[in-house]
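Working notes for the structure below.
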Amino acid sequence: MSDVSLTVNGKRVSGSVEDRTLLVHFLRENLGLTGTHVGCDTSQCGTCVVHVDGRAVKSCTMLAAQASGSTIVTIEGLANGAELHPVQAAFKEHHGLQCGFCTPGMIMAATDMIARHPQGLDEATVRAELDGNICRCTGYHNIVKAILAASQAMSKGAKGKAKQAA
Ligand code: FES
Ligand code: FES
């Protein structure tokens, strides 16, 4: 058994888990954060993506014990109360989902992607970066549109804040 202690969506949590427990199972089964999905057993689908210390990680590829001491954000931690995160809002506005199964992983991957490209994103980059996230419903077109729109909205917001501060 391993003792695990992490910060998840701003709260300190701890638990004792079997050494083989994956981070995704710890989040879902120990913490009840079932927005993080499990869509495969081959680390291909990306439905399990969360942020570990600010970077998108497939939580089925990491042991809970390995994540001990880290700061984790899951889809449940993205909105600001009732206010959707700009990426969530863009997925809603641009119909970037159908069944929604892939959506939490897509959104967590997209927020990391946008943070790593503060100068903005183009369609080819978004499509290449989504290589590790599979959607069986949408044909990706509206997902890409949503991510591009969120990237634009977030860079406008950042420029607006910088102007105010100047
Ligand atoms: S559950 Fe499919 S990549 Fe993690
Ligand atoms: S919306 Fe159904 S799998 Fe992507």
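So in UniProt numbering, the last one in the sequence shown is 166, and the numbering has no gaps at all. The beta carbon of each residue, even a glycine, is placed where N, CA and C say it ideally should be. Remember, it's a predicted structure, so these values are computed and weren't measured experimentally.
- By the criterion of a C-beta distance shorter than 8 Å, residue 120 is surrounded in its chain by 151, 152 and 155, once the five residues flanking it on both sides are discounted.
- Every alpha helix (DSSP H) of 4 residues or more that sits fully in the stretch 50-101 is shown, in chain order, as 86-93.
- With fewer than 16 neighbouring CB atoms inside 10 Å of its own CB, residue 42 falls in the exposed class.
- Boundaries for residue 15: no alpha helix (DSSP H) harbours it, while the beta strand (DSSP E) harbouring it runs 11-17, taken from the DSSP string.
- Beta-carbon to beta-carbon, residue 51 and residue 73 are separated by about 4 Å, close enough to satisfy the 8 Å threshold.
- Distance check between residue 80 and each of 1, 2, 10 and 5 places 10 closest, using alpha-carbon atoms only.
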